[in-house]
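Add 6 to a position in the sequence shown, counting from 1, and you land on the number used in this note's numbering. What follows is a single structure, written as structure tokens, with notes after it.
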Amino acid sequence: MARGVGANNGGDAGGAIFSYYGPTDIEDCTISGNQATGSGGGVVVVGVYYPHILTLNNTIIANNGANECSVIGYPFTGAGNLIMQNGSGSACPGVVTNVDPQLQALQPASTNGGLTPTMAIPLYSSAMGVADAGTSIAYDQRYANRPQPDKSPRNGYDIGAFEVCRRFVGPSLEAGPCGYTIINPPTTTLTMQVSPVSRSGSYGTTDPAPGTHDEDVNSVVVITATPNRGYHFIDWTGNVADPTARSTTVTMNQSQTVTANFGIGAPSPTPTPTPTPTPTPTPTPTPGPAVMLSPTPGSTFTSSSVTFQWSAGSANAYALFVGSSPGSGNIYTSSVLTVRSITVNNIPTDGRTIYVTLSSRVNTSWVFNSYTYQAFNSSATPTPTPTPTPTPTPTPTPTATPTPTPTPASAVAKPFISPNGGTFSQNVTVHIFCSTSGATIYYTLDGSTPTTSSSVYPTGDGILLSGAGTKTVKAIGVKTGLSDSAIATATFQIQ
Numbered sequence: 007m008a009r010g011v012g013a014n015n016g017g018d019a020g021g022a023i024f025s026y027y028g029p030t031d032i033e034d035c036t037i038s039g040n041q042a043t044g045s046g047g048g049v050v051v052v053g054v055y056y057p058h059i060l061t062l063n064n065t066i067i068a069n070n071g072a073n074e075c076s077v078i079g080y081p082f083t084g085a086g087n088l089i090m091q092n093g094s095g096s097a098c099p100g101v102v103t104n105v106d107p108q109l110q111a112l113q114p115a116s117t118n119g120g121l122t123p124t125m126a127i128p129l130y131s132s133a134m135g136v137a138d139a140g141t142s143i144a145y146d147q148r149y150a151n152r153p154q155p156d157k158s159p160r161n162g163y164d165i166g167a168f169e170v171c172r173r174f175v176g177p178s179l180e181a182g183p184c185g186y187t188i189i190n191p192p193t194t195t196l197t198m199q200v201s202p203v204s205r206s207g208s209y210g211t212t213d214p215a216p217g218t219h220d221e222d223v224n225s226v227v228v229i230t231a232t233p234n235r236g237y238h239f240i241d242w243t244g245n246v247a248d249p250t251a252r253s254t255t256v257t258m259n260q261s262q263t264v265t266a267n268f269g270i271g272a273p274s275p276t277p278t279p280t281p282t283p284t285p286t287p288t289p290t291p292t293p294g295p296a297v298m299l300s301p302t303p304g305s306t307f308t309s310s311s312v313t314f315q316w317s318a319g320s321a322n323a324y325a326l327f328v329g330s331s332p333g334s335g336n337i338y339t340s341s342v343l344t345v346r347s348i349t350v351n352n353i354p355t356d357g358r359t360i361y362v363t364l365s366s367r368v369n370t371s372w373v374f375n376s377y378t379y380q381a382f383n384s385s386a387t388p389t390p391t392p393t394p395t396p397t398p399t400p401t402p403t404p405t406a407t408p409t410p411t412p413t414p415a416s417a418v419a420k421p422f423i424s425p426n427g428g429t430f431s432q433n434v435t436v437h438i439f440c441s442t443s444g445a446t447i448y449y450t451l452d453g454s455t456p457t458t459s460s461s462v463y464p465t466g467d468g469i470l471l472s473g474a475g476t477k478t479v480k481a482i483g484v485k486t487g488l489s490d491s492a493i494a495t496a497t498f499q500i501q
């Protein structure tokens with residue numbers, strides 16, 4: 007993007023520009039008045055790309071809210087920029103000032119000249135004369151010349167898409183007319199031909215006429231073939247959009263030669279094809295999560311070892327939690343699975359209710375199905391009892407009323423981290439999940455204990471870890487009315 011204006015846009019992040027794993031070049035632009043649902047209303051660039059993920063030169067990024075320019079990845083470069091509220095911890099490069107440039111509201115082209123809407127800066131704006139001369143473009147979005155007259159230490163190159171037109175009157179600067187440099191676009195050659203050509207003339211003609219024509223590079227030119235009386239159009243030879251249409255287009259991304267081919271007399275009639283019966287479409291299954299197939303939900307286990315099997319659904323990953331309370335995984339918590347069967351060997355055999363949560367990742371979202379079972383009760387097996395010897399009936403002693411035992415508060419299920427640590431080259435994206443519906447995940451990346459003041463996990467996006475060294479991720483789940491979960495921990499080595 008060069009000599010452009012990005013204004014009054016919105017998005018979840020990167021309200022004006024969001025770039026993911028690709029090169030981004032922003033030169034002499036003005037980006038203002040954009041919004042995001044959180045922070046990052048201006049520019050957000052994410053990823054790793056060589057030779058650069060971001061080049062940001064001589065650009066105003068102002069009035070887009072907190073963290074209005076962030077780059078999460080490498081490598082990147084920049085010079086001569088004005089950014090009022092740069093990213094926190096992931097700042098954009100090359101900032102020379104953060105002072106408000108006093109931008110004019112977005113105006114139509116008729117207000118300040120040129121062919122595009124502008125956001126002008128006033129004379130003596132903080133953006134005036136402080137751009138990087140070595141990377142500045144020689145004219146602004148209206149083709150006004152750069153640099154303009156200026157006083158040291160300013161250099162005459164303004165930051166942003168708009169150059170303040172000015173002149174010296176005696177020793178003082180005042181607003182004045184600009185010189186303009188109009189650079190015509192490059193051209194390439196379109197050669198039009200007809201075939202056949204006899205001594206009595208051709209069978210037809212074209213528009214543009216047969217011959218050579220200069221056309222703007224990358225323009226799309228409409229071409230038309232017209233047969234003479236007693237002849238008919240057959241087709242085009244050359245790089246055209248539709249070779250069989252009398253009127254079509256040719257894209258001038260390079261020199262092009264096209265030929266209109268004609269024949270004698272009326273064209274042969276085209277046989278009408280026998281219609282092919284339309285096959286009855288096969289119903290497309292409705293996307294959905296996996297469901298438990300075995301054991302049958304609500305049944306009683308027969309031992310402490312149970313094999314769970316589930317359907318595929320339209321999911322691409324699964325996770326299984328087995329616990330003694332709803333949403334809990336205190337008995338068993340799996341990693342992220344691609345198989346559809348797992349055996350759990352440590353289920354209690356005291357007849358308690360067992361709560362099972364089957365999680366499915368459908369597209370990028372996790373969906374939970376919950377089931378209950380009864381544990382096997384080993385103490386319920388009957389033992390032969392000898393005939394009791396009658397004994398005198400004792401005088402009953404009053405039984406004290408038992409003191410009720412308080413029911414412990416349920417806790418949020420412990421989150422799980424995927425991948426659960428390891429060694430990776432350059433970077434890795436980490437996902438954190440919690441089977442307790444409605445729980446909020448808080449995490450840290452420096453090994454410290456997470457609290458409700460820590461960062462909130464961005465659902466679905468994951469966390470990008472980059473930069474060489476050891477990274478320790480810790481996470482907890484929190485939900486009103488439940489105790490906080492146990493802490494999940496995973497250690498990553500980035501090389």
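Every residue gets a Cβ at the ideal spot worked out from N, C-alpha and C, and that includes glycine. Bear in mind the structure is a predicted one, so any value in this text is a computation, not a measurement.
Q: Using the Cα positions of Ser365 and Ile229, report the straight-line distance between them to the nearest angstrom.
A: By one-based count along the sequence shown, residue 365 stands at place 359. By one-based count along the sequence shown, residue 229 stands at place 223. Going from the Cα of Ser365 to the Cα of Ile229 covers about 58 angstroms.
Q: Take every Cβ of the region 110-123, pair it with every Cβ of the region 75-94, and state whether three or more of those distances are shorter than 8 angstroms.
A: no
Q) Could you give the distance in angstroms between the alpha-carbon of Tyr361 and the alpha-carbon of Phe82? A) Sequence index remark: in the sequence shown, residue 361 carries index 355 (1-based). Sequence index remark: in the sequence shown, residue 82 carries index 76 (1-based). Taking the straight line from one Cα to the other gives about 50 angstroms.
Q. Looking only at C-alpha atoms, which of Ala42, Lys157, Gly329, Tyr163 sits nearest to Val175?
A. In the sequence shown, the residue the question calls residue 175 occupies position 169. Val175 has its Cα closest to that of Lys157, out of Ala42, Lys157, Gly329, Tyr163.
Q) Gln499 CB to nearest chain C CB: under 7 angstroms? A) Reference to chain C is not applicable here, since this structure consists of a single protein chain.
Q | Gly444 versus Leu488: straight-line alpha-carbon distance, rounded | A | Counting from 1 along the sequence shown, the entry for residue 444 is found at position 438. Counting from 1 along the sequence shown, the entry for residue 488 is found at position 482. The straight-line gap from Cα to Cα measures roughly 11 angstroms.
Q. Per the contact definition of three or more C-beta pairs closer than 8 angstroms, is the region 194-203 in contact with the region 146-163?
A. no
Q. Which partner residues of Lys477 appear in the DSSP bridge assignment?
A. Working through the sequence shown from its first residue, we reach residue 477 at position 471. Paired residue(s): Phe498.
Q) Quick one: what does DSSP say Ala115 is sitting in, helix, strand or coil? A) As a first step, residue 115 must be located in the sequence shown, where it is residue number 109. Helix at Ala115.
Q: Select from Ile500, Gly329, Ser311, Cys98 the residue whose C-alpha is nearest the C-alpha of Thr429.
A: Taking the first residue of the sequence shown as 1, we reach residue 429 at position 423. Among Ile500, Gly329, Ser311, Cys98, the Cα nearest to that of Thr429 is on Ile500.
Q: Provide the residue span of the beta strand (DSSP E) that contains Tyr237, from first to last.
A: The residue labelled residue 237 in the question sits at position 231 within the sequence shown. 237-243 is the extent of the beta strand (DSSP E) around Tyr237.
Q) Beta-carbon separation of Phe268 and Tyr209 under 7 angstroms? A) Taking the sequence shown and counting its residues from 1, one reaches residue 268 at position 262. Taking the sequence shown and counting its residues from 1, one reaches residue 209 at position 203. Contact flag set, yes.
Q) Would Gln147 be called buried (16 or more neighbouring beta carbons within 10 Å of its own) or exposed? A) Taking the first residue of the sequence shown as position 1, residue 147 is located at position 141. Its Cβ being crowded by 16 or more others within 10 Å, Gln147 is buried.
**Q.** Buried or exposed (CB count within 10 angstroms, at least 16 for buried), Gly473
**A.** To locate residue 473, count along the sequence shown from 1; it is residue 467. Gly473 comes out exposed.
Q. According to the Cβ coordinates, are Pro72 and Gly48 closer than 7 angstroms?
A. The residue labelled residue 72 in the question sits at position 66 within the sequence shown. The residue labelled residue 48 in the question sits at position 42 within the sequence shown. In the sequence under discussion, the amino acid at residue 72 is Ala, which differs from the Pro named in the question. No, Cβ-Cβ distance for Ala72 and Gly48 is not below 7 angstroms.
Q: Give me the Cα-Cα distance between Ala150 and Cys184, rounded to the nearest whole angstrom.
A: Here residue 150 corresponds to residue number 144 of the sequence shown, with the count starting at 1. Here residue 184 corresponds to residue number 178 of the sequence shown, with the count starting at 1. Roughly 6 angstroms between the two C-alpha positions.
Q: Using alpha carbons as the reference points, say which of Asn63, Ser340, Gln41, Tyr449 lies closest to Thr30.
A: As a working mapping, residue 30 is identified with position 24 in the sequence shown. That would be Asn63, whose Cα lies nearest to the Cα of Thr30.
Q. In angstroms, rounded to a whole number, what distance separates the CA positions of Pro332 and Ser459?
A. The count along the sequence shown starts at 1 and reaches residue 332 at position 326. The count along the sequence shown starts at 1 and reaches residue 459 at position 453. Near 26 angstroms, if we compare the C-alpha coordinates of Ser459 and Pro332.
Q) Between Ala167 and Asp34, is the Cβ-Cβ spacing less than 7 angstroms? A) For the purposes of this step, residue 167 is identified with residue 161 of the sequence shown, where counting begins at 1. For the purposes of this step, residue 34 is identified with residue 28 of the sequence shown, where counting begins at 1. The criterion of a C-beta distance shorter than 7 angstroms is satisfied by Ala167 and Asp34.
**Q.** Beta-carbon gap between Ala137 and Gly86 smaller than 7 angstroms
**A.** As a first step, residue 137 must be located in the sequence shown, where it is residue number 131. As a first step, residue 86 must be located in the sequence shown, where it is residue number 80. Remark: C-beta atoms of Ala137 and Gly86 approach each other more closely than 7 angstroms.
(Q) What would DSSP say about Ser371, mapped onto helix, strand or coil? (A) Residue numbering aside, residue 371 sits at position 365 when the sequence shown is read from its first letter. Reduced to three states, the DSSP call for Ser371 is strand.
Q) Can you give the Cα-Cα distance for Pro192 and Val227, rounded to whole angstroms? A) Numbered from 1 along the sequence shown, position 186 holds the residue referred to as residue 192. Numbered from 1 along the sequence shown, position 221 holds the residue referred to as residue 227. Their Cα atoms are separated by approximately 15 angstroms.
**Q.** For Phe307 and Ala496, the rounded distance between their alpha carbons
**A.** Here residue 496 corresponds to residue number 490 of the sequence shown, with the count starting at 1. Here residue 307 corresponds to residue number 301 of the sequence shown, with the count starting at 1. Straight-line Cα distance between these residues: approximately 33 angstroms.
Q: Spell out a yes or no on whether the region 349-357 and the region 368-376 are touching, meaning 3 or more CB-CB pairs, one atom from each, closer than 8 angstroms.
A: no
Q. Looking at the structure shown, is Ser424 part of a helix, part of a strand, or coil, going by DSSP?
A. Taking the sequence shown and counting its residues from 1, the one referred to as residue 424 is at position 418. Ser424: strand per DSSP, three-state reduction.
(Q) Please report the straight-line C-alpha distance between His219 and Leu196, rounded to a whole angstrom. (A) For this step, residue 219 is matched to residue 213 along the sequence shown. For this step, residue 196 is matched to residue 190 along the sequence shown. Here the alpha carbon of His219 sits roughly 5 angstroms from the alpha carbon of Leu196.
Q) The beta strand (DSSP E) spanning Met298 covers which residue range? A) Within the sequence shown, numbered from 1, the residue matching residue 298 stands at position 292. Element bounds for Met298: 298-300.
Q. Going by DSSP, which residues form a beta bridge with Glu169?
A. Counting from 1 along the sequence shown, the entry for residue 169 is found at position 163. Looking at the DSSP output, Glu169 sits in no beta bridge, so it has no partner there.
Q) What first and last residue would you give for the beta strand (DSSP E) that runs through Tyr26? A) Translated into positions along the sequence shown, residue 26 becomes position 20. Residues 23-26.
Q.
Considering Cα atoms alone, identify which of Tyr26, Lys420, Val328 is closest to His58.
A. Counting from one through the sequence shown, the residue named residue 58 turns up at place 52. Looking at the Cα atoms, Tyr26 is the closest of the given residues.
Q) Apart from the five residues just before and just after Thr212, which ones in its own chain have a Cβ nearer than 7 angstroms to its Cβ? A) By one-based count along the sequence shown, residue 212 stands at place 206. Same-chain partners within the cutoff: Met198, Val200, Ile229, Thr230, Ala231, Ala266.
**Q.** Beta-carbon spacing of Ser311, Ala325 below 7 angstroms
**A.** The residue labelled residue 311 in the question sits at position 305 within the sequence shown. The residue labelled residue 325 in the question sits at position 319 within the sequence shown. Not closer than 7 angstroms, so no.
Q. In this structure, does DSSP put Ser385 in helix, strand or coil?
A. One-based indexing of the sequence shown puts residue 385 at position 379. In this structure, Ser385 counts as helix in the three-state DSSP scheme.
(Q) Using CA atoms only, rank isn't needed, just tell me which of Thr65, Ala492, Pro155, Gly135 is closest to Asp177. (A) Here residue 177 refers to the residue found at position 171 when the sequence shown is read from its first residue. The residue asked about is misnamed: residue 177 is Pro in this sequence, not Asp. Ranking the options by Cα distance to Pro177, first place goes to Pro155.
Q. Any idea what DSSP makes of Glu74, helix, strand or coil?
A. As a working mapping, residue 74 is identified with position 68 in the sequence shown. Here Glu74 sits in coil by DSSP.
Q.
Rounding to the nearest angstrom, what Cα-Cα distance links Ser461 and Thr359 in this structure?
A. Indexing the sequence shown from 1 puts residue 461 at position 455. Indexing the sequence shown from 1 puts residue 359 at position 353. Each residue's Cα considered, the two are about 35 angstroms apart.
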